[in-house]
Amino acid sequence: MLTNRRALVTGSTSGIGLAIARALAAEGAEVILNGFGEAGTIAALCEELGATHNAANLMDAGAIAGMMAEVGPVDILVNNAGMQHVAPVEDFPAEKWDAIIALNLSAAFHTTRLAVPGMKARGWGRIINTASAHALVASPYKSAYVAAKHGLAGFTKAIALELATHGITANCISPGYVWTPLVENQIPDTMAARGLTREAVINDVLLAKQPTKSFILPEDVAAMAVFLCSDAARGITGANYAIDGGWTAE
Ligand code: NAD
Numbered sequence: 001m002l003t004n005r006r007a008l009v010t011g012s013t014s015g016i017g018l019a020i021a022r023a024l025a026a027e028g029a030e031v032i033l034n035g036f037g038e039a040g041t042i043a044a045l046c047e048e049l050g051a052t053h054n055a056a057n058l059m060d061a062g063a064i065a066g067m068m069a070e071v072g073p074v075d076i077l078v079n080n081a082g083m084q085h086v087a088p089v090e091d092f093p094a095e096k097w098d099a100i101i102a103l104n105l106s107a108a109f110h111t112t113r114l115a116v117p118g119m120k121a122r123g124w125g126r127i128i129n130t131a132s133a134h135a136l137v138a139s140p141y142k143s144a145y146v147a148a149k150h151g152l153a154g155f156t157k158a159i160a161l162e163l164a165t166h167g168i169t170a171n172c173i174s175p176g177y178v179w180t181p182l183v184e185n186q187i188p189d190t191m192a193a194r195g196l197t198r199e200a201v202i203n204d205v206l207l208a209k210q211p212t213k214s215f216i217l218p219e220d221v222a223a224m225a226v227f228l229c230s231d232a233a234r235g236i237t238g239a240n241y242a243i244d245g246g247w248t249a250e
């Protein structure tokens with residue numbers, strides 16, 4: 001149970017982050033949501049989870065500092081917000097590269113550096129970074145995402161070592177394809193980049209990677225996050241758990 005634990009989950013108004021927020025709240029944690037969305041929908045989520053919401057844009061280091069000051073000490077930090085862009089490297093818009101590195105990698109550095117002093121003071125902390133199968137292997141046309149996720153995996157290992165004697169663990173969860181808006185929204189660009197139909201992208205590009213031939217459920221990723229927050233997981237740090245239907249076993 002996570003009663004008396006405060007959890008900030010970035011990018012938790014949708015998809016995997018929302019599933020993690022729901023699962024942590026179900027374990028009794030006080031949850032702080034972050035992410036974009038329609039005001040009424042977010043208010044309903046806060047009501048459902050007994051949560052609060054912070055709308056900071058995590059591509060902006062100053063906004064992250066403001067969020068961390070406003071939110072106050074957190075025991076559990078889930079760096080989950082992320083975005084994707086699919087294009088050949090020679091056509092990859094430089095501003096998309098910068099945005100993906102800022103959101104998928106640098107934001108985790110900024111939240112972590114600001115959350116760690118409080119975790120150290122309390123002698124307990126859980127940092128969970130939503131990486132990706134693309135933190136372990138690459139796919140074409142996703143240069144920024146693959147670079148950011150490999151970077152996030154390395155960052156996680158470094159902080160795990162730094163924090164190992166402070167009761168603070170840092171781990172990655174690396175999902176394969178999970179059916180969320182992030183995946184759905186990349187289908188048109190992948191169709192264009194590869195000259196394929198929507199059905200071919202789903203079956204021959206996305207699910208072709210996963211030996212199980214099925215999408216991962218957000219709830220299954222959330223269950224791993226809950227386990228990593230448990231006392232039983234106190235000895236797990238610097239790890240990178242693939243939940244990818246066998247993708248990275250090949
Ligand atoms: P999603 O698009 O459903 O959710 C993304 C969340 O991030 C939303 O809450 C959105 O509002 C928030 N967000 C976007 N830009 C933001 C910004 N600038 N500042 C603050 N919040 C912002 O995506 P998802 O599929 O749930 O992805 C969540 C994480 O999981 C990402 O890091 C993604 O890379 C990773 N991931 C997803 C998959 C997948 O197949 N869906 C696979 C592996 C890893």
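Residue numbers (the working numbering): 1 to 250.
Beta carbons: idealized from backbone N, C-alpha and C, even for Gly.
Which word fits M1, buried or exposed, when buried means at least 16 other C-beta atoms lie within 10 angstroms of its C-beta?
Answer is exposed; the Cβ neighbour count stays below 16.
Which value, in whole angstroms, describes the spacing of the CA atoms of A208 and F215?
One C-alpha to the other measures close to 11 angstroms.
Flag S14 as yes when its Cβ comes closer than 7 angstroms to any non-hydrogen atom of the ligand NAD, and as no otherwise.
Yes, the beta carbon of S14 sits closer than 7 angstroms to at least one heavy atom of the ligand NAD.
Just to check, is the beta-carbon of M67 closer than 7 angstroms to a non-hydrogen atom of the ligand NAD?
Result no, Cβ not under 7 angstroms from the ligand NAD.
Quick one: give me the first and last residue of the alpha helix (DSSP H) that G112 is part of.
It is worth fixing the name first, because residue 112 is Thr in this sequence and not Gly. Where T112 is concerned, the enclosing alpha helix (DSSP H) stretches over 107-122.
Can you list, in chain order, the residues of its chain with a C-beta nearer than 7 angstroms to that of A249? Leave out the 5 residues immediately preceding and following it.
Within the same chain, A249 has no close Cβ partners at all.
By how many angstroms is the C-alpha of A61 removed from the C-alpha of S14?
Rounded to whole angstroms, S14 to A61 spans 22 angstroms at the Cα level.
Looking only at DSSP bridge pairs, what is K229 linked to?
Looking at the sequence provided, one finds Cys at residue 229 rather than Lys. The partner list for C229 (beta bridge, DSSP) is empty, contrary to what the question assumes.
In terms of alpha-carbon separation, which member of V31, D244, T112 lies closest to W179?
Minimum Cα distance to W179 is reached at D244.
Under 8 angstroms, with one C-beta from each stretch per pair, do the stretch 153-173 and the stretch 226-237 reach the 3-pair mark?
Yes, they touch.
Opposite R6 in the DSSP bridges: which residues?
R6 pairs with E30.
Taking all protein chains shown into account, decide if A133 is buried (16 or more other Cβ within 10 angstroms of its Cβ) or exposed.
Its Cβ being crowded by 16 or more others within 10 Å, A133 is buried.
How would you write the range of the beta strand (DSSP E) that S174 sits in, first residue to last?
Note, S174: beta strand (DSSP E), 168-175.
Grab the span of the beta strand (DSSP E) containing Y145 for me, first residue to last.
Per DSSP, Y145 belongs to no beta strand (DSSP E); it is in the alpha helix (DSSP H), 143-163.
Where does the unbroken alpha helix (DSSP H) through L182 begin, and where does it stop?
181-194 is the span of the alpha helix (DSSP H), which, as asked, contains L182.
Return helix, strand or coil for N203, following the three-state DSSP convention.
Three-state result, N203: helix.
Along the alpha helix (DSSP H) that carries A69, what are the first and last residues, could you check?
61-71 is the span of the alpha helix (DSSP H), which, as asked, contains A69.
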